[in-house]
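Residue numbers (full-length UniProt numbering): 1 to 753.
Beta carbons: idealized from backbone N, C-alpha and C, even for Gly.
This structure is a prediction, so every number in the text was calculated from the model and none was measured.
The structure appears below as structure tokens.
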């Protein structure tokens, strides 16, 4: 009670200063101190996270290369009945004529099988006799040095398994002619056994692959030493601490004590590597101290201003501000007749004058806006949007705004790849479309309508005779700008010339139907649909016949894929190469359309988009085209099985993949497959038959017979051996089933081949 009375007797200024110090100044200082300590730790953690994220990028590239190249090495060996191994074994002879002939066949077949080639440096075949054969580049390492490596020895001890090694190039042309310094070359080795290499001449098959991870590490290190990043100096080591890859010379070893090491493991097969980044410890918090100084200065300034203005606030601001607040509430409620009498300090009085003026101006703007709305007209861009949204017909637009169709025009289609804006959807893509307006030709002749965030219609006014070349030049400029500024690719379709409102709908539908041609021509293609229009339409129509093949490839359904592939190849005899090119283009188009149905990126299968039309035209004979398509299908099957997670949700797809993986097991039953997919047998049988179009027994038998025909056609195994390899314990049962399905016995079938 005494304290309260004493407080009441103190001057208001003293009480205010005491409370200001106790409840504002001191809490702010405490919060500031705690915040600085937390901020210091966050800056340090953020610096470490940035390094770890950079490491994860390198690791992702390495693991992707290891996974893809291991799969490609296995595919190279097993494709076409081990044809490549047979040619490689043929080079192991002292007769130079035979060796030269086989080397030529090996190079031709190998280059076809390797497409699409990314960064494969060399493919090596090491013979038991000591001879070496390479495709692409010769490797500058002695036979003795190569055979003493851990990966070579491990591959010898474990036939038919891929093992990974590496080389860090120390100078120009160190490992192969044309090689650069500081390249990380991954080596993938596989020792074939007798079932793979029946000649038993080949001891080892290797891929030498230059990984882009080395370039990324070199860029990180160069920028760090130049002060352009704070990611440290990175290198790769093994479990024993031996350096696998580094851009530092031995004389430039990193000293201990002054550096912090961030270490992340890279696990693959039975091997563990580590990516290590060394950064000066002081740099982890360097940004913190720069920011901390400004924060402290800002805090001091804020406290000083708060102390200075608090007295002014109490004396002459509160009351006038309350009056302004009351006036604002009335304006919010719709009363625009508010008027406040000026009071308080000069600034407050000025604010009140401005408030009164603002109310008067707002009233005038509302009246002006209402008048404008009543007399507003649509812009040409609004008319284009109205037609494409089907809010107006072209005939209605021609009646309301005759100038829209007064000139010749062409409809363009833009498909955008790889744009990732700060915002999502059409809002983010608007930043890209706004950039188009910087192009003079686009700004003066084009109207744009965004149908989807990745697909635009462009209405182009034709003012010249050779309008196609002008459009192509404009599109090329837009593509360059979009790539440089946003990292986006644009595929453009140029429609045929039109005039008047009657052709508008047809031109729009023509662009919509032919936009799928982007799968054939590539990301940055510019396609004039008036060129070879009939051929494009034939390819599009023909692609619908291969939807089942595309669907089987997309879900990695090997049985149906092989059936459809054989049906495709049955059409090859007695056809010219021109017709076969159309067939091949139709197949690729069907696959691209299937990927697009689920918004899957078709370019991810091979890392980039190809111009398949040009690629097919470079293939000179039917046999080469068959080999290319076979490898192409196998690559997509491998990609679908490993990257697309369809099998996780689709019961029938999961069941088919399980049957494909276990068809050679004689004890494989309906119950085992039903248990694998987590269903009871009766429900599984009904659902499988309904969705697959055949029952479980028919599907399994068809797959086994398919594999048996392939083995009879491409190998010299005996019939009883093939029976065992396809899941039949009894050769007689196998013979009966084969004759029942194929009409002839296995022996007769082999003779017909």
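Where the alpha helix (DSSP H) containing residue 547 begins and where it ends: 547-554
message: Given this structure, state the Cα-to-Cα distance separating residue 168 from residue 56, to the nearest angstrom.
response: 20 angstroms
field: Residue nearest to residue 387 in terms of C-alpha spacing, selected from 294, 184, 458, 78
entry: 458
query: Taking the alpha-carbon positions, what's the residue 306 to residue 21 distance?
result: 11 angstroms
query: When you compare only the Cα positions, how much space is there between residue 230 and residue 281?
result: 11 angstroms
Range covered by the beta strand (DSSP E) that runs through residue 416: 409-417
task: Report the option in 548, 705, 62, 524 whose CA atom is closest to the CA atom of residue 472.
output: 524
- prompt: In whole angstroms, what separates the C-alpha of residue 734 from that of residue 199?
  reply: 29 angstroms
message: Buried or exposed, going by whether 16 or more other CB atoms sit within 10 Å of the CB of residue 656?
response: buried
message: Cutting at 6 angstroms between CB atoms, please list the residues of its own chain near residue 646, excluding the five before and the five after it.
response: Note that residue 646 has pLDDT 46, beneath the 50 cutoff, so the model's placement of it is unreliable and the number below is only indicative. Correct list, in chain order: 555, 653.
- prompt: Would the beta-carbon of residue 75 fall within 9 angstroms of that of residue 634?
  reply: yes
- prompt: Exposed or buried, what is residue 553 when buried is set at 16 or more other beta-carbons lying within 10 Å of its beta-carbon?
  reply: buried
field: Reduced DSSP secondary structure (H/G/I, E/B, other) of residue 265
entry: strand
- prompt: Enumerated in chain order, which unbroken segments of the alpha helix (DSSP H) with a length of 4 residues or greater are wholly contained in the stretch 661-748?
  reply: 670-677, 681-692, 696-714, 719-725, 731-742
query: Counting Cβ pairs closer than 8 angstroms, one from the stretch 474-488 and one from the stretch 438-448, do we hit at least three?
result: yes
query: In the DSSP assignment, what residue or residues form a beta bridge with residue 359?
result: Bridge partners of residue 359: none, in fact.
- request: Give, in chain order, every unbroken run of the alpha helix (DSSP H) that is at least 4 residues long and sits entirely within the stretch 608-654.
  value: 612-617, 622-642
- request: Report all residues from its chain with a CB closer than 7 angstroms to the CB of residue 739; omit the five preceding and five following residues, and keep chain order.
  value: 745
- prompt: How do the stretch 492-500 and the stretch 520-534 stand: do at least 3 beta-carbon pairs fall below 8 angstroms, yes or no?
  reply: yes
Cβ-Cβ separation, residue 481 to residue 435 (assumed contact under 8 angstroms), whole Å: 6 angstroms
- prompt: How many angstroms separate the CA atom of residue 285 from the CA atom of residue 259?
  reply: 13 angstroms
message: With a threshold of 6 angstroms on Cβ separation, who are the neighbours of residue 629 within its own chain once the five nearest residues in sequence on each side are excluded?
response: none
- prompt: Run through DSSP, which three-state label would residue 375 get?
  reply: Because the pLDDT of residue 375 is 42, which lies under 50, any placement of that residue in the model is unreliable, and the number read from its coordinates should be weighed accordingly. Correct three-state label for residue 375: coil.
- request: Select from 119, 81, 391, 453 the residue whose C-alpha is nearest the C-alpha of residue 109.
  value: 81
- prompt: Where does residue 680 land, buried or exposed, given buried means 16+ other C-beta within 10 angstroms?
  reply: exposed
- request: Under 8 angstroms by Cβ, that's how I've got residue 32 and residue 299 pegged, so tell me the actual separation to the nearest angstrom.
  value: 5 angstroms
task: Out of 520, 676, 103, point me to the one whose CA is closest to residue 611's CA.
output: 520
field: Cβ-based neighbour list, residue 638, same chain, cut-off 6 angstroms, excluding 5 preceding and 5 following
entry: 71
query: For the beta strand (DSSP E) that residue 279 lies in, which residues bound it at each end?
result: 271-280
query: Near residue 631, which residues of its chain fall below 8 angstroms by C-beta distance, leaving aside the five closest residues on each side in sequence?
result: 75, 79, 112, 113, 115
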